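For reference, the structure discussed in these notes is given below.
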Ligand code: C2E
Ligand code: CA
Ligand code: CA
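In the numbering used here, the protein residues as written are 167 to 900.
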């Protein structure tokens, strides 16, 4: 709201009094004054008199006398002098002069001095009465006229004020579209002064693309309800000289109506004069609307179209492809190790990776292709114009190659890969839904095959995908019963002593249809669905129960390793839960190794370190599993109260006398870990050569097929008693 400047709209002259007029008779002869008073008396008239010029001046100074009836020949001041004095004092009282001197000369002099009428002193009384009536009537008319003028001026000033202060541009055009009036607002909005625009054609301020549109509005001849309102038009600011307005376009909403000269003989003959109207700046509103519309159809992080817009474009492209008999491609892209970035570094870094990926993927596409973000680390691509199915494969290969360069995340080079599923119209589907679903299925297939690649949908993939969906409900059902799961135990060997020092519990699922399933096939699903917590509870109970049995049999020094998922650490009651289960099975806490992965300690580090400390405080042991695969540096081990590390199988697999780097890595890991007082265990030991090398590298505890595969409980007991690596104690002989 604009502040209204101090403009005075009050009338400049007083309203005429309804009480009538005040007359002042000035004559030195009292007889005449009395006679005139009687003669002129009338209703609503106030008559005063005085006998000298000086008295008259005093009375006139009060400025409330309407009519002065003045004798020219006064003893002290001449009547003409009084009139001159009135002029200098700007006293507006009307004057009727009367005098005994009846010469025409004296009359002219009086009239020249401003008298309105001249009356002979000895003329007829009626003449005086008529003259006074006439003059008073004239005075009244003049007053009313003056008042009217002031009112008109005020009203015009008010309108001018309103027009000038208006937040909108108010304009009038002549018949040919030239400005004949425009208010000052045009300067604030468009940078033109009013003078610059007057006489110019309206097209001067209209955006080139909106000229056609503007023609209809600015040539409006209709009036009233039929006239144009709400016409949206872009107006251009003055581009030269006034820097401030450079390159700016405002969006205005325009109203216009015909302007006609007042018709004297009916509307049929009215004369068209031009167009007038109002243009309101709605740029901000427009921007807000655009932002809202953008947000509804775009992903805010990457600025890419979202799934809604993607589906819409896909539907349009399908219609066109069908009409032209062309092929069309849909790609589903998933960043392979995205979760790791989010878990390890945090969401901000995860976001950075998504943005960088979006940029790189976009650079591989043609301008007509659409890259969209479906959510999370999933992207889709629409390739609307393919000559052959090969085209999509070429683009997928391009994206894969582009992603090969490391991404810079948190100051480090991060290497990632993507999995891409492709579906083609009409080969792999006809509707947006099937094309998207089949590209998704193909993407899951490639993930299952080790990620980092692309694959085109084939119908036989479908069964695999729907299996994943049914697997989830199977898992839920299996957890309710619990009897489909089994634990296998893989011995952990201290080779130098020829002993089995413990075992790792590894879960299997005996699926009624699919047979024995390895944990890799269902643990990720359990983690995604949150079922892992219940699964861990089952494992804990079963493994601790089994350990209790073995301990009762005499195997009291066995260490049991149990794998926990990062999801278990999201439960606040983890330490209490573990302690509760240990107590229930009467197992000492230090008989248990909790295996966790490195990224758990990097994600929400403080919170998880705190939990690990609590576990250690309860007496449990903690091992870092798959050590070396993630981003951990040995340095951070110092901060964590862990007991052991398990060198990942990949290093052991690569271990041979020729592979210097694997040997060096394992050596470094075991040296530093030992210096921190940590136990080092190598897993995945399959060959005697690997075993030998590990022994020379100071890595004494081992686990792997060389010693034993994971075994069912009964087999494991045999291994302990009859195998090459017995436990420290034999079974108690009953
Ligand atoms: P992990 O913790 O790294 O377990 C070791 C895996 O390596 C086991 O696979 C084991 O059978 C396999 N393995 C052992 N020795 C050798 C060898 O010499 N050569 C080769 N190639 N492989 C060997 P498994 O049982 O299939 O388990 C896979 C993963 O599933 C485990 O990896 C672990 O991360 C997870 N897992 C297993 N059981 C559980 C569980 O009860 N809870 C949770 N949260 N995860 C589990
Ligand atoms: Ca493990
Ligand atoms: Ca492992």
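Even glycine gets a Cβ: it sits at the ideal position worked out from N, Cα and C.
As the structure is a computational prediction, the values presented were derived from the model and not from experiment.
Range of the contiguous beta strand (DSSP E) that encloses residue 729: Here the question's residue 729 lines up with position 563 in the chain shown. First-last of the beta strand (DSSP E) with residue 729: 725–729.
From residue 336 to residue 455, what distance separates their C-alpha atoms? As a working mapping, residue 336 is identified with position 170 in the chain shown. As a working mapping, residue 455 is identified with position 289 in the chain shown. C-alpha separation (whole angstroms): 25 Å.
Could you compute how far the alpha carbon of residue 840 sits from the alpha carbon of residue 599? By one-based count along the chain shown, residue 840 stands at place 674. By one-based count along the chain shown, residue 599 stands at place 433. One C-alpha to the other measures close to 56 Å.
Under 6 Å Cβ to Cβ from residue 791, same chain only, skipping five residues before and after it: list those, please. Here residue 791 corresponds to residue number 625 of the chain shown, with the count starting at 1. Closer than 6 Å at Cβ, skipping near neighbours: 761, 763, 812.
Pick from 264, 466, 657, 581: whose alpha carbon is nearest that of residue 960? It is not possible to answer for residue 960, since the shown part of the chain is limited to 167 through 900.
Excluding five sequence neighbours on each side, which residues of the same chain lie with their C-beta closer than 7 Å to the C-beta of residue 662? Here the question's residue 662 lines up with position 496 in the chain shown. The answer, listed in chain order, is 866.
C-alpha gap between residue 284 and residue 234, whole angstroms: Your numbering for residue 284 matches position 118 in the chain shown. Your numbering for residue 234 matches position 68 in the chain shown. Rounded to whole angstroms, residue 284 to residue 234 spans 12 Å at the Cα level.
I'd like to confirm something about residue 670: is its beta-carbon nearer than 8 Å to some heavy atom of ligand 1, or not? Taking the chain shown and counting its residues from 1, the one referred to as residue 670 is at position 504. Yes, ligand 1 has a heavy atom inside 8 Å of this Cβ.
Please report the straight-line C-alpha distance between residue 871 and residue 653, rounded to a whole angstrom. Mapped onto the chain shown, residue 871 falls at position 705. Mapped onto the chain shown, residue 653 falls at position 487. Their backbone Cα atoms lie some 17 Å apart in a straight line.
Below 8 Å, is the gap between the Cβ of residue 705 and the nearest heavy atom of ligand 1? For this step, residue 705 is matched to residue 539 along the chain shown. Under cutoff, so the answer is yes.
Residue 774 CB to nearest heavy atom of ligand 1 below 8 Å: Mapped onto the chain shown, residue 774 falls at position 608. The answer is no for residue 774.
Does any heavy atom of ligand 2 sit closer than 8 Å to the C-beta of residue 729? Position 563 of the chain shown, counted from the first residue, corresponds to residue 729. Yes.
In angstroms with no decimal places, state the Cα-to-Cα distance between residue 197 and residue 299. Residue 197 sits at position 31 when you count from the first residue of the chain shown. Residue 299 sits at position 133 when you count from the first residue of the chain shown. Approximately 22 Å between the Cα atoms of the pair.
Hey, quick one: how far does the beta strand (DSSP E) through residue 679 stretch, first residue to last? Counting from one through the chain shown, the residue named residue 679 turns up at place 513. That residue, residue 679, is in no beta strand (DSSP E); it is neither H nor E in DSSP.
Contact between the region 553–565 and the region 575–582 (3+ Cβ pairs under 8 Å): no
Taking 8 Å as the line, does the beta carbon of residue 791 fall inside it for any heavy atom of ligand 2? Taking the first residue of the chain shown as position 1, residue 791 is located at position 625. For ligand 2, at least one heavy atom lies less than 8 Å from the Cβ of residue 791.
Can you check which of these residues, 364, 396, 721, 363, is closest to residue 379 by C-alpha distance? Working through the chain shown from its first residue, we reach residue 379 at position 213. It is 396.
Quick check on residue 498: does DSSP put it in helix, strand or coil? Residue mapping note: residue 498 aligns to position 332 of the chain shown, counting from 1. DSSP places residue 498 in strand when its eight states are reduced to three.
Where residue 408 falls: helix, strand or coil (DSSP): For the purposes of this step, residue 408 is identified with residue 242 of the chain shown, where counting begins at 1. Confidence in residue 408 is poor, its pLDDT being 37 and thus under 50, which makes the residue's placement unreliable; the coordinate value appears in the next sentence. Coil.
Within the continuous beta strand (DSSP E) that includes residue 492, where are the two ends? By 1-based counting over the chain shown, the position of residue 492 is 326. Residue 492 -> no beta strand (DSSP E), and no H or E assigned at all.
Between which residues of its own chain and residue 384 is the CB-CB distance below 7 Å, once the five residues before and five after are set aside? Sequence index remark: in the chain shown, residue 384 carries index 218 (1-based). Only 339, 343, 368, 422, 441 meet the Cβ criterion.
How many whole angstroms separate the CB atoms of residue 617 and residue 502, which I take to be in contact at a CB cut-off of 8 Å? Here residue 617 refers to the residue found at position 451 when the chain shown is read from its first residue. Here residue 502 refers to the residue found at position 336 when the chain shown is read from its first residue. Indeed they touch by this definition, with Cβ atoms about 4 Å apart.
Going along the chain, which residues of its own chain have a beta-carbon closer than 7 Å to the beta-carbon of residue 293, five neighbours each way excluded? On the chain shown, position 127 is the one that residue 293 refers to. If we look at residue 293 and ignore the five residues flanking it on each side, its Cβ neighbours are 285.
Note the first and the last residue of the continuous beta strand (DSSP E) segment covering residue 774. Position 608 of the chain shown, counting from 1, holds the residue named residue 774. Looking at the DSSP string, residue 774 is not in any beta strand (DSSP E); the run it does join, the alpha helix (DSSP H), is 771–783.
I need the straight-line Cα distance from residue 304 to residue 252, nearest angstrom please. Within the chain shown, residue 304 is the residue found at index 138, counting from 1. Within the chain shown, residue 252 is the residue found at index 86, counting from 1. Going from the Cα of residue 304 to the Cα of residue 252 covers about 19 Å.
With respect to the alpha helix (DSSP H) encompassing residue 837, which residues constitute its N-terminal and C-terminal limits? Residue 837 sits at position 671 when you count from the first residue of the chain shown. Here the alpha helix (DSSP H) through residue 837 covers 826–841.
Mapping the DSSP letters down to three states, classify residue 283 as helix, strand or coil. Within the chain shown, residue 283 is the residue found at index 117, counting from 1. Strand, per DSSP.
Do you know how far the Cα of residue 371 is from the Cα of residue 361? By one-based count along the chain shown, residue 361 stands at place 195. By one-based count along the chain shown, residue 371 stands at place 205. Looking at the two C-alpha atoms, the distance is approximately 14 Å.
I want to check one thing, is the minimum distance from the CB of residue 812 to the heavy atoms of ligand 4 below 8 Å? For the structure depicted, ligand 4 is absent and the ligand set comprises only ligand 1, ligand 2 and ligand 3.
Enumerated in chain order, which unbroken segments of the beta strand (DSSP E) with a length of 3 residues or greater are wholly contained in the region 178–241? 188–192, 212–216, 233–237
Pick out whichever of 218, 194, 231 has its Cα sitting closest to the Cα of residue 187. By 1-based counting over the chain shown, the position of residue 187 is 21. When each option's Cα is compared against that of residue 187, the closest is 231.
Tell whether a beta-carbon distance below 9 Å holds between residue 902 and residue 655. The chain is shown only over 167 to 900; residue 902 falls outside these bounds and no answer can be derived.
Buried/exposed call for residue 173, threshold 16 Cβ in 10 Å: As a working mapping, residue 173 is identified with position 7 in the chain shown. Bear in mind that the predicted position of residue 173 carries a pLDDT of just 46, short of 50, making it unreliable; the figure below should be weighed with that in mind. Answer is exposed; the Cβ neighbour count stays below 16.
So, residue 621 versus residue 588, is the Cβ gap smaller than 9 Å? Mapped onto the chain shown, residue 621 falls at position 455. Mapped onto the chain shown, residue 588 falls at position 422. It is a contact, given that the beta carbons lie within the stated cut-off.
Simplified DSSP state of residue 732, which is helix, strand or coil: For this step, residue 732 is matched to residue 566 along the chain shown. Helix, per DSSP.
Using a Cβ-Cβ cut-off of 7 Å (strictly less than) and excluding sequence neighbours within five positions of residue 692, which residues of its own chain qualify? Taking the first residue of the chain shown as position 1, residue 692 is located at position 526. Here the set comprises 641, 698, 701.
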